[in-house]
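Novice: First the structure, then my questions, so here it is.
Number of protein chains: 8
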Amino acid sequence: MKVAIVMGSDSDFPVVEKTVTILKKFGIDLEVRVLSAHRTPHQALAFSENAEKNGFDVIIAAAGKAAHLPGVLAAVTILPVIGLPIKSSTLDGMDSLFSIVQMPTGIPVATVAINGAENAALLAIHIMALKYDVLKDKLREYRKQMAAEVEAKDKALKY
Amino acid sequence: MKVAIVMGSDSDFPVVEKTVTILKKFGIDLEVRVLSAHRTPHQALAFSENAEKNGFDVIIAAAGKAAHLPGVLAAVTILPVIGLPIKSSTLDGMDSLFSIVQMPTGIPVATVAINGAENAALLAIHIMALKYDVLKDKLREYRKQMAAEVEAKDKALKY
Amino acid sequence: MKVAIVMGSDSDFPVVEKTVTILKKFGIDLEVRVLSAHRTPHQALAFSENAEKNGFDVIIAAAGKAAHLPGVLAAVTILPVIGLPIKSSTLDGMDSLFSIVQMPTGIPVATVAINGAENAALLAIHIMALKYDVLKDKLREYRKQMAAEVEAKDKALKY
Amino acid sequence: MKVAIVMGSDSDFPVVEKTVTILKKFGIDLEVRVLSAHRTPHQALAFSENAEKNGFDVIIAAAGKAAHLPGVLAAVTILPVIGLPIKSSTLDGMDSLFSIVQMPTGIPVATVAINGAENAALLAIHIMALKYDVLKDKLREYRKQMAAEVEAKDKALKY
Amino acid sequence: MKVAIVMGSDSDFPVVEKTVTILKKFGIDLEVRVLSAHRTPHQALAFSENAEKNGFDVIIAAAGKAAHLPGVLAAVTILPVIGLPIKSSTLDGMDSLFSIVQMPTGIPVATVAINGAENAALLAIHIMALKYDVLKDKLREYRKQMAAEVEAKDKALKY
Amino acid sequence: MKVAIVMGSDSDFPVVEKTVTILKKFGIDLEVRVLSAHRTPHQALAFSENAEKNGFDVIIAAAGKAAHLPGVLAAVTILPVIGLPIKSSTLDGMDSLFSIVQMPTGIPVATVAINGAENAALLAIHIMALKYDVLKDKLREYRKQMAAEVEAKDKALKY
Amino acid sequence: MKVAIVMGSDSDFPVVEKTVTILKKFGIDLEVRVLSAHRTPHQALAFSENAEKNGFDVIIAAAGKAAHLPGVLAAVTILPVIGLPIKSSTLDGMDSLFSIVQMPTGIPVATVAINGAENAALLAIHIMALKYDVLKDKLREYRKQMAAEVEAKDKALKY
Amino acid sequence: MKVAIVMGSDSDFPVVEKTVTILKKFGIDLEVRVLSAHRTPHQALAFSENAEKNGFDVIIAAAGKAAHLPGVLAAVTILPVIGLPIKSSTLDGMDSLFSIVQMPTGIPVATVAINGAENAALLAIHIMALKYDVLKDKLREYRKQMAAEVEAKDKALKY
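Protein chains in written order, with the working numbering: chain W, 125 to 283; chain Z, 125 to 283; chain F, 125 to 283; chain X, 125 to 283; chain Y, 125 to 283; chain C, 125 to 283; chain S, 125 to 283; chain E, 125 to 283.
This is the structure in structure tokens:
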């Protein structure tokens, strides 16, 4: 079970860090890379082209503004690619979202919410659970905990 | 290899039909259902809760406007859920997209483009290919054909 | 006269607190709950399904991002459901608003402004005033005070 | 049980007609008026100020563009006012929606979807059901039929 | 030469203050009022209906969110009404702008930029200059000073 | 009483024609010009610079897309300039609106609704009525007729 | 003088054809290619990497939806790349525009209007005119003709 | 090799400064000017009309809100004009972007990202490299350094 997390810029790491945390919590091997669709396009492509044979199951690609990275990686691998739109200083994340989710027919990118770093990790885990049964139980457990936390907050309310 | 396609309304079928076509082309078993998060909520939940044990690998949920269906289904299954935002008569699909992609932390929905019906199918196939090796080759073949078609169109241009 | 206030997350409470204040000012009984359409879907549904027989007159549901809670609650009760879109850290509240107000035909949600916590309470009171005459006079009084405050501010201006 | 439907312009009637149909189906008395917040402001105000004593339970106000009518009516009555944003030829209904839903603190308008004419009627009925028990059973029946229709469409699908 | 400045809320004054400053600089008489289209509708209407006979030449109306005030005032006076959209805490001023500028046929509102307080004043002065020749020279002088300031800044640049 | 109507392109005329109709109905002299801020900038500037001495009272400028014409004309005249945003084939008029209404401090443009051709004319008339008393009565009469039309439509409704 | 026009899909050709027309009118050599950033990424990269040595002066890249093509080409050439956003069936071209114009620091794309096919050609010509003096005179002539056409339309107006 | 940088207001300089830095790094002569399309229109036009004979190769024009400056300058020169949209206090830069990029047919503006100051400089350099061979090597070197920086950051990551 191994996930690649690729960021277009290391300035995205404060968001992406939450992806790392969730994956580690589930015991997933991971590699975090800074690879730019525009500044290091060949390295980005090479990484994605070799991802399958390098043992990755899923690629998570985080990028902001004209966020081409997820689509560019998806174009050269048959691994599922999850796109994580990063909010930058203008347009409130709408540019990142549209650049990632509106992929033309043929090359899908599984897009999560703007800055939805935890959900990028969880989506990878739901996907890998198809193949790795151990993750199924962990996901069921995670959901129970999540529900328990909501219930605890519900009970803690004084109204 | 079995995919559930759930629509919030049968008026979404002209879009969803392209999802069916792609899945069949790849030899994937599928079931298409009309289940509404709002009009038949219990049936929708029951379907999703039982999807795993009923042998589904992935759920594709198509919905328009305040498109709650993908999120509602995702909340009660650990199968990967793909959200397909349908453009309706107002707001140009932006309401469907935001309602599907902006899921809060904990329950991810793998969102594709507005009316991106083919990509919903392809994303399901990329995901299932993690588990079913046969799909890997089919995907590689599909991509080759897709590239060949682009190349043919490129050559056909008279400029 | 009893109102249920349901939040998707306790992080919404700083906004929702103003709803509580207004309802208390009008002497309305209330219960505040944290129930998530996605993290505790069964509890959310059960709450809404039992709301009528538990003596609630109106449900106010506050949620942000892909805000499914109001629609999900409305789907299983015939009580009027008021949707309060919460602004989160991206998209300036537009995602919450569209996810709540753009409900498909059949299940309406009475939507108020983004972060319009006071108006969620007031709308509940206007609705309940149909049934409870005592609220009519209180509303007339409230409006008089509101007008008086505007008039006082108008007079206080030195231009 | 009586509902006022007020339109800002008779060009809104093709949308509003669906509101009429639903209300009639539920046996609700209704009056449809063309009253403009801008072209006949005094008549609009007078209508709303007298709506309560003229026996109306709810006002539904439909308007497009800079849609002030629902807010203007709500300002002078304590009856619940439902705002129905009408899509016009520019901005895809976003102007109507924002002008109706973003009401400032103090005067709420219960907003439904852009062109959500049926839901405007249904919301009125949910609200009136607080007071008129007969509507409760009708709503339960309506929901059953709605669910049955979805189920029939679900069964009719050949996939 | 007299201008009425009407705000929907005294919280708009920090923006509106710049309107006052410009008008005073041009020696225009002015009256600033807090009158709400929703909280004090009758006072707002009465003010606008009497504005012409009370000697006002132009009305400037500032409001945020579902900003109905300019349109409501314009409906009952034949004086030119200038709408000043105020940015509030959500939607970045887009709601205020659309609610003011998208007036339906028949009742125009002369709209300036979001938070464009100085331009609201200047537009009033350009309009009044049609009637009061003294303002023509003042405007020419103002524009000269404005150009001179830009030129000074241009010269002050060290590149 | 003379109004200049300037269009950026003759393709705007189907919209602008309604401006002409209203102005003629009020007996206003007018001149319609095709002058482009980008294709004939010097002619556009020269026209605006001479507009005052050529007897114009108001300039109405209609333009679409990156609609610079109203602002460019306003920069070189002290006559009031009314901006009429024209909806073109993309972005639903939002680009035209923002390009016209968001003028920076110093040079205001009185903006009306997207494609709000009649209101551009009416705003010009309200402005000129400050100076020409005859227009006051005509405006009052126009409003009466407008109200009468609404009332007639109200009565004609069969509900 | 040679320009490459690259489209992501041959469905973009009806728009791109206008680019061809303008370039031919100016006597520019051109090559039109269908190369997809996603479906034929290696061909697209190879084309761009060799564009300089193959004698191209400028690349024009047209694409819709998540329009990555212009940025992807720009990443591997130092030739100026002009991005032409194509309006597709949803979001009114906003997705294409944001995906092209919002390029991160380091790799610029010279973006023109949505569907601004003629301007893509003209921008290429303005750029090449830096190097090829013959184009300067042609551009001056073109502008004269353009102005003359506007003037002719201006004169043809009967108002 | 000489570039003109023109700002609509000196408040844009904190953004524009990064344009200066990049150009200097490449050894490009430059002149920075404050020239307003609205406040000093004649100076702006004169500057642009003389830019070619004053030895400039490219004009970079930065402006916010209804950002007419780039289009106005482009209208009177055949030099390539690069538009740099500046984010101001409302609408998150969308008004500036639309006002600059959506230029009508005939007068193109090469638009870069909102606040994309570095890319405005780089685009100018890519354009000038057509003519000045020395810039080609510098651009290749710059890209190498940029790639090296990304690679260094990639290596520095501890995951």
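Even glycine gets a Cβ: it sits at the ideal position worked out from N, Cα and C. What you are looking at is a predicted structure, and each value in this text was computed from that prediction instead of being measured.
Less than 9 Å between the C-beta atoms of Ala241/W and Ala186/W, yes or no?
Specialist: As a working note, residue 241/W is residue 117 in the first sequence. As a working note, residue 186/W is residue 62 in the first sequence. Yes, the Cβ-Cβ distance between Ala241/W and Ala186/W is below 9 Å.
Novice: Output needed in chain order: residues of the stretch 168-197 of chain Z with a Cβ under 9 Å from some Cβ in chain S.
Specialist: Cβ contacts with chain S come from no residue of the stretch 168-197 of chain Z.
Novice: Taking the continuous alpha helix (DSSP H) assigned at Lys279/X, which residues delimit it?
Specialist: Position 155 of the fourth sequence, counted from the first residue, corresponds to residue 279/X. Looking at the DSSP string, the run of the alpha helix (DSSP H) that includes Lys279/X is Asp257 to Ala280.
Novice: Are Leu159/Z and Tyr283/X touching if we call contact CB-CB under 9 Å?
Specialist: To locate residue 159/Z, count along the second sequence from 1; it is residue 35. To locate residue 283/X, count along the fourth sequence from 1; it is residue 159. No; because the gap between Cβ atoms is not below 9 Å, this pair is not in contact.
Novice: Check whether the Cβ of Thr145/E lies closer than 9 Å to any Cβ atom in chain S.
Specialist: Numbered from 1 along the eighth sequence, position 21 holds the residue referred to as residue 145/E. Not closer than 9 Å to any Cβ of chain S, the Cβ of Thr145/E fails to qualify, so no.
Novice: Based on DSSP bridge pairs, tell me the residues matched to Val209/W.
Specialist: In the first sequence, counting from the first residue as 1, residue 209/W sits at position 85. The amino acid occupying residue 209/W in the given sequence is Pro; Val does not appear at that position. Answer is Ala187/W.
Novice: Measuring only the C-alpha atoms, how far is Ile146/Z from Thr214/Z?
Specialist: If you number the second sequence from 1, residue 146/Z lands on position 22. If you number the second sequence from 1, residue 214/Z lands on position 90. So the alpha carbons of these two residues sit roughly 28 Å apart.
Novice: Give me the chain W residues within the contact set of Met270/E, using Cβ-Cβ distance strictly less than 8 Å, ordered along the chain.
Specialist: Counting from one through the eighth sequence, the residue named residue 270/E turns up at place 146. Correct list: Arg163.
Novice: Please state whether DSSP places Val225/X in a helix, a strand or coil.
Specialist: On the fourth sequence, position 101 is the one that residue 225/X refers to. Helix.
Novice: Which residue spans inside the stretch 148-173 of chain W form an unbroken alpha helix (DSSP H) run of at least 4?
Specialist: none
Novice: Rounded to whole angstroms, what is the Cα-Cα separation between Val258/E and Thr229/S?
Specialist: Walking along the eighth sequence from the start, residue 258/E turns up at place 134. Walking along the seventh sequence from the start, residue 229/S turns up at place 105. Looking at the two C-alpha atoms, the distance is approximately 22 Å.
Novice: So if I threshold CB-CB distances at 8 Å, which residues from the stretch 244-270 of chain W count as touching chain Z?
Specialist: Against chain Z - using a Cβ distance shorter than 8 Å - the residues of the stretch 244-270 of chain W are Ala244, Leu246, Leu247, His250, Ile251, Met252, Ala253, Leu254, Lys255, Lys260, Leu263, Arg264, Arg267 and Met270.
Novice: So, Leu193/C versus Asn239/C, is the Cβ gap smaller than 9 Å?
Specialist: In the sixth sequence, residue 193/C corresponds to position 69, counting from 1. In the sixth sequence, residue 239/C corresponds to position 115, counting from 1. The answer is no: Cβ separation not under 9 Å.
Novice: Would a C-beta distance cut-off of 9 Å place Phe171/Z and Lys126/Z closer than the cut-off?
Specialist: Taking the second sequence and counting its residues from 1, the one referred to as residue 171/Z is at position 47. Taking the second sequence and counting its residues from 1, the one referred to as residue 126/Z is at position 2. No, Cβ-Cβ distance for Phe171/Z and Lys126/Z is not below 9 Å.
Novice: Would you mind sorting His162/S into buried or exposed? The rule is 16 or more other CB atoms within 10 Å of its CB.
Specialist: On the seventh sequence, residue 162/S is found 38 positions in, with the first residue counted as 1. So His162/S counts as buried.
Novice: Anything in chain X within Cβ reach of Glu155/Z, meaning under 7 Å, just list it in chain order.
Specialist: Taking the second sequence and counting its residues from 1, the one referred to as residue 155/Z is at position 31. The CB of Glu155/Z comes closer than 7 Å to the CB of Tyr283 in chain X, given here in chain order.
Novice: Assign Gln269/S to buried or exposed, taking buried as 16 or more other Cβ atoms, counted over all protein chains shown, within 10 Å of its Cβ.
Specialist: In the seventh sequence, counting from the first residue as 1, residue 269/S sits at position 145. Gln269/S is exposed by the Cβ-count criterion.
Novice: When the cut-off is 9 Å and only beta carbons count, does Ala241/C lie next to chain E?
Specialist: In the sixth sequence, counting from the first residue as 1, residue 241/C sits at position 117. Judged by the 9 Å Cβ criterion, Ala241/C is not in contact with chain E.
Novice: For Ala198/C, report the span of its alpha helix (DSSP H) as first-last.
Specialist: Here residue 198/C is taken as the residue at index 74 of the sixth sequence, counted from 1. Taken as a continuous stretch (DSSP letters only), the alpha helix (DSSP H) holding Ala198/C covers Leu193 to Ala198.
Novice: Going along the chain, which residues of the stretch 195-225 of chain F sit with their C-beta nearer than 8 Å to a C-beta in chain W?
Specialist: Ser213, Thr214, Leu215 and Asp216
Novice: Could you list which residues in chain Z have their beta carbon closer than 8 Å to that of Pro138/F, in chain order?
Specialist: Along the third sequence, one-based indexing puts residue 138/F at 14. Taking a Cβ-Cβ cut-off of 8 Å, Pro138/F has no neighbours in chain Z, whose nearest Cβ is about 17 Å from it.
Novice: Anything in chain Z within Cβ reach of Val158/S, meaning under 7 Å, just list it in chain order.
Specialist: Locating residue 158/S in the seventh sequence gives position 34, where the first residue counts as 1. Val158/S reaches chain Z at Val274, Lys277, Asp278 and Leu281, counting residues in chain order whose Cβ is nearer than 7 Å.
Novice: Consult DSSP for Ile129/C and reduce its assignment to one of helix, strand or coil.
Specialist: Indexing the sixth sequence from 1 puts residue 129/C at position 5. Here Ile129/C sits in strand by DSSP.
Novice: Can you list the residues of chain C that Met125/Y reaches, using a CB-CB cut of under 9 Å?
Specialist: Position 1 of the fifth sequence, counting from 1, holds the residue named residue 125/Y. For a Cβ distance threshold of 9 Å, nothing in chain C lies close to Met125/Y: the least Cβ distance comes to about 10 Å.
Novice: If you compare alpha carbons, which of Ala271/Z, Val156/Z, Asp216/Z and Leu203/Z is closest to Ser133/Z?
Specialist: Position 9 of the second sequence, counted from the start, is the residue given in the question as residue 133/Z. Comparing Cα positions, the closest option is Val156/Z.
Novice: Using alpha carbons as the reference points, say which of Ala271/F, Ile249/F, Phe137/F and Gly217/F lies closest to Ile183/F.
Specialist: Translated into the one-based positions of the third sequence, residue 183/F becomes position 59. Closest option to Ile183/F, Cα to Cα, is Ile249/F.
Novice: Any C-beta of chain Y sitting closer than 9 Å to the C-beta of Ile231/X?
Specialist: Mapped onto the fourth sequence, residue 231/X falls at position 107. So yes, Ile231/X belongs to the interface.
Novice: Select from His166/C, Ala191/C, Leu254/C and Phe222/C the residue whose C-alpha is nearest the C-alpha of Arg267/S.
Specialist: Residue numbering aside, residue 267/S sits at position 143 when the seventh sequence is read from its first letter. Measuring from the Cα of Arg267/S, the nearest candidate turns out to be His166/C.
Novice: Is there a C-beta anywhere in chain F that falls below 9 Å from the one on Ile129/W?
Specialist: Taking the first residue of the first sequence as position 1, residue 129/W is located at position 5. For Ile129/W, the answer is no, since every Cβ of chain F falls outside 9 Å of its Cβ.
Novice: Check each candidate in Glu273/C, Ala234/C and Val140/C and name the one with the smallest Cα separation from Pro204/C.
Specialist: Counting from 1 along the sixth sequence, the entry for residue 204/C is found at position 80. Comparing Cα-Cα distances from Pro204/C to each of Glu273/C, Ala234/C and Val140/C, the minimum goes to Ala234/C.
Novice: Can you tell me whether Thr214/W is helix, strand or coil according to DSSP?
Specialist: Your numbering for residue 214/W matches position 90 in the first sequence. Thr214/W: coil per DSSP, three-state reduction.
Novice: Which stretch, first to last residue, makes up the alpha helix (DSSP H) that contains Leu247/C?
Specialist: To locate residue 247/C, count along the sixth sequence from 1; it is residue 123. Looking at the DSSP string, the run of the alpha helix (DSSP H) that includes Leu247/C is Ala241 to Ala253.
Novice: Would Ala244/S be called buried (16 or more neighbouring beta carbons within 10 Å of its own) or exposed?
Specialist: Sequence index remark: in the seventh sequence, residue 244/S carries index 120 (1-based). Buried is the call here.
Novice: Tell me, which residues are paired with Val182/S by DSSP?
Specialist: Against the seventh sequence, residue 182/S aligns to sequence position 58. Val127/S.
Novice: Taking 9 Å as the threshold (C-beta atoms), are Asp219/F and Ser223/Z in contact?
Specialist: Translated into positions along the second sequence, residue 223/Z becomes position 99. Translated into positions along the third sequence, residue 219/F becomes position 95. Yes, the Cβ-Cβ distance between Ser223/Z and Asp219/F is below 9 Å.
Novice: Roughly how far, in whole angstroms, is the beta-carbon of Lys260/X from the beta-carbon of Ile202/F, given that I think they are within contact range, below 8 Å?
Specialist: The residue labelled residue 260/X in the question sits at position 136 within the fourth sequence. The residue labelled residue 202/F in the question sits at position 78 within the third sequence. That belief holds up - the Cβ atoms of Lys260/X and Ile202/F are roughly 6 Å apart, short of 8 Å.
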